[in-house]
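Colleague: Structure incoming, see below.
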Amino acid sequence: MADVTLTIDNKQVTVPAGTLVVDAAKRAGLDVPVFCYHPKLEPAGMCRMCLVEIGRPMLDRATGKPVLDEAGEAKIQFMPKLETACTNPVSEGMVVKTQLTSEKARAGQKGTVEFLLTSHPLDCPVCDKGGECALQDLTMAHGPGQSRFLFDEKQRLAKQLPLGELIWLDRERCIQCARCIRFQDDIAGESVLGFEERGRMMQIVSMSEPGFDSIFSGNTTDICPVGALTTSDFRFGARPWELNAAPSICAQCPVGCNLTFNTRREAKADGQIVIKRVMPRQNEQVNEIWMCDKGRFAYHYVESEKRLTRPLMRRDGKLAKVSWKAALDLAAEKLSEHKKNSVTLVSGRLSNEDLYNLNIFAGKTEAILYTDMGGGDLTSLVGVSDGTNIGDMGKGDAILVIASDLYNEAPIWWLRIKAAAERGATLIVAGGRAAKLDRFATFTIRYAYGDEIKTIEDLGGKSKIAEAFRKAENALIFYGSDGLGLAGSTSLAAACANLLKETNHIGRRNNGLVGVWPRVNDQGAWEMGFRPTADLAEALKGKAVYIVGADPAGDDPALAKALKSAKFVVVQDISMTATAELADVILPAQPHTERAGTFTSGERRVQRFYPVVPAFGESRPDFSITAQLARQMGIILEGSSLPIVFDFIAHSLPAFDGLNYDRLAEVTEQWPMVGRGDMYYGGTTYENKDGLGAHLSSAAQRGETFKLPAAKNVKPLRPKEGELLAVPVTQLYDLGNTVASAELLAQRIGAAAISLHPETAGKLGAADGETVKISWNGSQSEVRVRTDEGLAAGVALVPRSFGIALREPMTLTVKPAKKVK
Amino acid sequence: MSLMEKYPKEVKQILAKYPPEFKRSAVMPLLYLAQRGEGYVTKSAMTEIARALDITETEVASIIGFYTLYHDKKEGRYRMQVCADLPCALRGADKFLAELCGNLGIRVGETTPDGTVTLESVACLAACDKAPMFQIQSPDGIEYHENMTIDRTMELVEALKRSGQEGR
Numbered sequence: 064m065a066d067v068t069l070t071i072d073n074k075q076v077t078v079p080a081g082t083l084v085v086d087a088a089k090r091a092g093l094d095v096p097v098f099c100y101h102p103k104l105e106p107a108g109m110c111r112m113c114l115v116e117i118g119r120p121m122l123d124r125a126t127g128k129p130v131l132d133e134a135g136e137a138k139i140q141f142m143p144k145l146e147t148a149c150t151n152p153v154s155e156g157m158v159v160k161t162q163l164t165s166e167k168a169r170a171g172q173k174g175t176v177e178f179l180l181t182s183h184p185l186d187c188p189v190c191d192k193g194g195e196c197a198l199q200d201l202t203m204a205h206g207p208g209q210s211r212f213l214f215d216e217k218q219r220l221a222k223q224l225p226l227g228e229l230i231w232l233d234r235e236r237c238i239q240c241a242r243c244i245r246f247q248d249d250i251a252g253e254s255v256l257g258f259e260e261r262g263r264m265m266q267i268v269s270m271s272e273p274g275f276d277s278i279f280s281g282n283t284t285d286i287c288p289v290g291a292l293t294t295s296d297f298r299f300g301a302r303p304w305e306l307n308a309a310p311s312i313c314a315q316c317p318v319g320c321n322l323t324f325n326t327r328r329e330a331k332a333d334g335q336i337v338i339k340r341v342m343p344r345q346n347e348q349v350n351e352i353w354m355c356d357k358g359r360f361a362y363h364y365v366e367s368e369k370r371l372t373r374p375l376m377r378r379d380g381k382l383a384k385v386s387w388k389a390a391l392d393l394a395a396e397k398l399s400e401h402k403k404n405s406v407t408l409v410s411g412r413l414s415n416e417d418l419y420n421l422n423i424f425a426g427k428t429e430a431i432l433y434t435d436m437g438g439g440d441l442t443s444l445v446g447v448s449d450g451t452n453i454g455d456m457g458k459g460d461a462i463l464v465i466a467s468d469l470y471n472e473a474p475i476w477w478l479r480i481k482a483a484a485e486r487g488a489t490l491i492v493a494g495g496r497a498a499k500l501d502r503f504a505t506f507t508i509r510y511a512y513g514d515e516i517k518t519i520e521d522l523g524g525k526s527k528i529a530e531a532f533r534k535a536e537n538a539l540i541f542y543g544s545d546g547l548g549l550a551g552s553t554s555l556a557a558a559c560a561n562l563l564k565e566t567n568h569i570g571r572r573n574n575g576l577v578g579v580w581p582r583v584n585d586q587g588a589w590e591m592g593f594r595p596t597a598d599l600a601e602a603l604k605g606k607a608v609y610i611v612g613a614d615p616a617g618d619d620p621a622l623a624k625a626l627k628s629a630k631f632v633v634v635q636d637i638s639m640t641a642t643a644e645l646a647d648v649i650l651p652a653q654p655h656t657e658r659a660g661t662f663t664s665g666e667r668r669v670q671r672f673y674p675v676v677p678a679f680g681e682s683r684p685d686f687s688i689t690a691q692l693a694r695q696m697g698i699i700l701e702g703s704s705l706p707i708v709f710d711f712i713a714h715s716l717p718a719f720d721g722l723n724y725d726r727l728a729e730v731t732e733q734w735p736m737v738g739r740g741d742m743y744y745g746g747t748t749y750e751n752k753d754g755l756g757a758h759l760s761s762a763a764q765r766g767e768t769f770k771l772p773a774a775k776n777v778k779p780l781r782p783k784e785g786e787l788l789a790v791p792v793t794q795l796y797d798l799g800n801t802v803a804s805a806e807l808l809a810q811r812i813g814a815a816a817i818s819l820h821p822e823t824a825g826k827l828g829a830a831d832g833e834t835v836k837i838s839w840n841g842s843q844s845e846v847r848v849r850t851d852e853g854l855a856a857g858v859a860l861v862p863r864s865f866g867i868a869l870r871e872p873m874t875l876t877v878k879p880a881k882k883v884k
Numbered sequence: 346m347s348l349m350e351k352y353p354k355e356v357k358q359i360l361a362k363y364p365p366e367f368k369r370s371a372v373m374p375l376l377y378l379a380q381r382g383e384g385y386v387t388k389s390a391m392t393e394i395a396r397a398l399d400i401t402e403t404e405v406a407s408i409i410g411f412y413t414l415y416h417d418k419k420e421g422r423y424r425m426q427v428c429a430d431l432p433c434a435l436r437g438a439d440k441f442l443a444e445l446c447g448n449l450g451i452r453v454g455e456t457t458p459d460g461t462v463t464l465e466s467v468a469c470l471a472a473c474d475k476a477p478m479f480q481i482q483s484p485d486g487i488e489y490h491e492n493m494t495i496d497r498t499m500e501l502v503e504a505l506k507r508s509g510q511e512g513r
């Protein structure tokens, strides 16, 4: 858009046409106070705090030319009344006088603060927001200091009202700016907040079941300009000024949201430094200024009672505490003894540096990635290229999401893809069931589970949808493992990669393939050379096994059985798990909050995280433990300096070429400017000072020649009479090791349940909420039934990490359980 | 009983008035319909309307909350709405309202213990010259009562109580 030049407080400012006066002032370093305006939301003009004087050049009606004064300057006509800087777009020659130069604007803003305070409780001493409160700050800066209003006429409203179990509302503190409502309506797309009553009686309500039913609810507490909305997690937890801030990356999903952990030393924890809350940290290319509630509330696993604090060794059948030396000596001895018969099993919970060391450690012995989703080798070839930003995509671009329920698997991608669709991007959502993203899709494709490959192949053919995808200027494909196991997802990745190549959507920014992985750094594990295996139980049987950051025994009884027959088991993890219970040696590791490192996101962006709290007990970082173990076995690995390990990676892998820790810590200016002294503008989200990270290059981007494998056509599984097709799916809040320990989320996690179409359930004689007996592949289990009209008949959704070990689509029989009377 | 079961014809007629992409606009007449029987919108009616129009219950609730003529709680069978705006007050409406409160033993906004009358103070009903005046709102419609005195009003309340009991 063309630029417009205007004058704000005697300062010439040039900004793109369409910019609002408040933002133009911001870019010029002039702060206009706001409450209801937020740079990520459409302007509302509700609070009247941003009143300024606005003048525009006087135009001659006959000629349309500006009228000039004696000095030959354009005559400026000021409006008789003050205007809101947040609703007025700039225009050529405009003259703005803010509170810095205009007495009138100062008086207007002063009056607004006085009005807002007529019904505010001023309970700052007990308010969680005190210290980072927009109302507090702007009252000090612009308020009158005294009120002319009658104390008796203050509104008395509910002060401790839980909107749900995660977010609390204080109705007296609310200043009716509607930022939270507008966030839920426009950005989250979940209209579960509203106003009732009007005028001074206007109050926030939520009628959803459960209350405030949104997975983005925590963000409203960040943008609330007062202490009306607070999280159950941080409520009465600490004063903001006591908190230290440590930059980090969320480890819950492959999006890689930039975060800040707030910590303090506290008496309750015997003077230890503890995490008090998690806040988003701005990265406009990854999570903007948002994060989901799983990231915000599920971090408690790092302080769980199950954390391993000391090395353990099996003595007389029992695990006993031992020294690091004893544990490492024994592990090294046994792993050397069975060298030719050993397996290294790792997960995407680990950092790039850990995985690099582990891969060298494994050497020629078997190295396995613990996952049921394939295709990471293909995202290395045709993954998204440097500079990719979903936030830049819109009209003319296309995004295809297949076999992934992004809302549950990667919430922030869901949020940003929805926004891209609203900007005009063609969004194609293909899935075996109805998903929340369907509502925003340009095209929705509903296939029968098992027909994923065919669906992609059809998109290479002739149809309106195929045409739209092919002709798109830029195109991304997000593929996942909704209803798929390793074989199916591997095949789907190949089909998607080929489609992207055929339609010339690779090797350029905003083009390529993205894997919606189950873990934060699965992509990194693939880059380092780890691959999953089709028959993990077989691979573990009778071997000496070194398991790092994975819990196969907890996920699948068959894998537990295989481990029991293993020759020797070394488990390296942060917490006690079912797998660790079977170990001969346990090495306590540190979660990402206690150490530094890097993760590679699903978009193949490498980002640094930093230590947040001191290490728990004697735990050590994974890359160090592996290096120490390796040293005992005669392999020299870097075990103390992460930047050096990263340099090794950069020198050995072309995708990492040119990257180093300094480069990853670089920050360029981002818009909007948030998290500085003016928290009333962007909210309490943190400014990014510690690195935006960098994209890995793809083989396509580097211009390498490569051949893509053809998609293997897996014969779709069709259940016989009396059977159901059971498919594994992912739920946001599950019983996985990194979620289950968050007590706050217990209600949202719920119990294990399979989902069926109401008719299917009806035929089986099971109603919503009833318990049934299911049998598959020789296993049996009792679970609750949930009915879901978005499913096809004859399909049973089995959530992962809920105690039902279904790793591939399978046929299943369901019988009503005997009713307990 | 659901709204659709209770008023199938009316619901269909209302929905037919709006094109599918603007069906949320049907929320106003549907709420009016839902309020017809009980004098307020039940939680289940809210849910039903939200589902039918693809909006959330919160959105329906906030519309009920915004408009003073929609109610989300069971209150009196009759709503006695007294105008106490300036012109009416000049003719004694404010004093009338205060005395009425005393006689009924309730405050403005409250309901008589037997559930007959809810007393409300409202803005202009366009009958300033005949103040003190009020309207009675009930499932049967709206009725104006003008040039009222306390005695006549209390007689009316007694009559409403009786008709309420007969209606049961």
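Residue numbers (my numbering), protein chains in the order written: chain A, 64 to 884; chain B, 346 to 513. Glycine is no exception: its CB is placed at the ideal position from the N, C-alpha and C atoms. Since we're looking at a predicted model, the values are computed, not measured.
List the endpoints of the continuous alpha helix (DSSP H) containing D72(A).
Modeller: From DSSP, D72(A) is part of no alpha helix (DSSP H); its letter is neither H nor E.
Colleague: Contact criterion: CB-CB distance below 8 Å. Does I234(A) meet it with respect to chain B?
Modeller: Residue 234(A) is actually Arg in this sequence, not Ile. Answer no: the Cβ-Cβ gap between R234(A) and chain B never drops below 8 Å.
Colleague: Which residues, in chain order, does the stretch 446-466 of chain B contribute to contact with chain A at a C-beta distance below 7 Å?
Modeller: Taking 7 Å as the Cβ-Cβ cut-off against chain A, none of the residues of the stretch 446-466 of chain B qualify.
Colleague: I'd like the span of the alpha helix (DSSP H) that includes A859(A), first residue to last.
Modeller: Unbroken run through A859(A) is the beta strand (DSSP E), 858-862; no alpha helix (DSSP H).
Colleague: Buried or exposed: which applies to Y489(B), given that a residue is buried once 16 or more other Cβ atoms fall within 10 Å of its Cβ?
Modeller: Y489(B) comes out exposed.
Colleague: Any Cβ of chain B within less than 8 Å of the Cβ of S269(A)?
Modeller: yes
Colleague: Would you say G257(A) lies against chain B (beta-carbon separation less than 8 Å)?
Modeller: yes
Colleague: Would you mind telling me which residues of chain B sit closer than 8 Å to S254(A), beta carbon to beta carbon, in chain order?
Modeller: The answer, in chain order, is I400, T401, T403, E404.
Colleague: Do S804(A) and Y364(A) count as a contact pair if the criterion is CB distance below 8 Å?
Modeller: Cβ distance < 8 Å, so Y364(A) and S804(A) count as in contact.
Colleague: I'd like to know if F411(B) contacts chain A, where contact means its C-beta is closer than 8 Å to some C-beta of that chain.
Modeller: yes
Colleague: Going by C-alpha to C-alpha distance, which of R594(A), C190(A), T150(A), L795(A) sits closest to L292(A)?
Modeller: C190(A)
Colleague: From R582(A), Q764(A), L599(A), T642(A), pick the residue whose C-alpha is nearest to that of T663(A); which is it?
Modeller: T663(A) has its Cα closest to that of R582(A), out of R582(A), Q764(A), L599(A), T642(A).
Colleague: Compute the Euclidean distance between the alpha carbons of I312(A) and T164(A), then round it to the nearest angstrom.
Modeller: Spanning the two alpha carbons is a distance of roughly 42 Å.
Colleague: Which residue comes first and which comes last in the beta strand (DSSP E) that contains T408(B)?
Modeller: Here residue 408(B) turns out to be Ile, not Thr, going by the sequence shown. Where I408(B) is concerned, there is no enclosing beta strand (DSSP E), although the alpha helix (DSSP H) it sits in stretches over 402-411.
Colleague: Would R479(A) pass as an interface residue toward chain B - the criterion being a Cβ-Cβ separation below 8 Å?
Modeller: no
Colleague: My output table needs one value for F258(A): the three-state DSSP class, helix, strand or coil.
Modeller: Looking at F258(A) - three-state DSSP - the assignment turns out to be strand.
Colleague: For a test of the three-state rule: what should DSSP assign to T768(A), helix, strand or coil?
Modeller: coil
Colleague: Does the stretch 548-565 of chain A come close enough to the stretch 731-748 of chain A to have 3 or more Cβ pairs within less than 8 Å?
Modeller: No, the stretch 548-565 of chain A does not touch the stretch 731-748 of chain A.
Colleague: One question on the structure: do S443(A) and A762(A) come within less than 8 Å of each other, judged by their Cβ atoms?
Modeller: yes
Colleague: Would you mind working out which of D123(A), T150(A), V777(A) sits nearest K138(A), comparing C-alpha positions?
Modeller: With respect to the C-alpha of K138(A), the residue from D123(A), T150(A), V777(A) having the closest C-alpha is D123(A).
Colleague: Compare the C-beta of E485(A) against all C-beta atoms of chain B and say whether one is closer than 8 Å.
Modeller: For E485(A), the answer is no, since every Cβ of chain B falls outside 8 Å of its Cβ.
Colleague: Do the CB positions of S838(A) and L780(A) come within less than 8 Å of each other?
Modeller: no
Colleague: Tell me where the alpha helix (DSSP H) around P474(A) begins and ends.
Modeller: That run of the alpha helix (DSSP H) goes 474-485.
Colleague: Count the other C-beta atoms from every protein chain shown that fall within 10 angstroms of the C-beta of M349(B), then say buried if there are 16 or more, exposed otherwise.
Modeller: exposed
Colleague: Give every residue of the same chain whose Cβ lies closer than 7 Å to the Cβ of S554(A), excluding the five residues on either side of it in the sequence, and list them in chain order.
Modeller: I516, A774, K775, V777
Colleague: Taking the continuous beta strand (DSSP E) assigned at N321(A), which residues delimit it?
Modeller: Start and end: 321-329.
Colleague: Could you compute how far the alpha carbon of A498(A) sits from the alpha carbon of D514(A)?
Modeller: 17 Å
Colleague: In the DSSP assignment, what residue or residues form a beta bridge with H416(B)?
Modeller: Beta-bridge pairing links H416(B) to no other residue.
Colleague: Less than 7 Å between C-beta atoms, sequence neighbours within five positions excluded: which residues of the same chain meet that for K475(B)?
Modeller: E491, N492
Colleague: Going by alpha carbons, who is nearest to D459(B) out of E465(B), T403(B), S466(B), G450(B)?
Modeller: G450(B)
Colleague: From the DSSP secondary-structure annotation, give me the bridge partner or partners of M873(A).
Modeller: A789(A)
Colleague: Any idea which residues DSSP pairs I487(B) with across the strands?
Modeller: Q482(B)
Colleague: Does the distance from the CB of I161(A) to the CB of A168(A) come in under 8 Å?
Modeller: Checking the sequence, you will find Thr at residue 161(A) rather than Ile. Yes, these two residues count as a Cβ contact at 8 Å.
Colleague: Can you tell me whether I226(A) is buried or exposed? The criterion is at least 16 other CB atoms within 10 Å of its CB, across all chains shown.
Modeller: Here the sequence assigns Leu to residue 226(A), which means Ile is not the residue at that position. Burial is judged here by how many other beta carbons sit within 10 angstroms of a residue's own beta carbon; L226(A) has at least 16 and is buried.
Colleague: For a minimum of 3 consecutive residues, which ranges assigned as the beta strand (DSSP E) are wholly contained in the stretch 770-847 of chain A?
Modeller: 787-792, 816-819, 834-839
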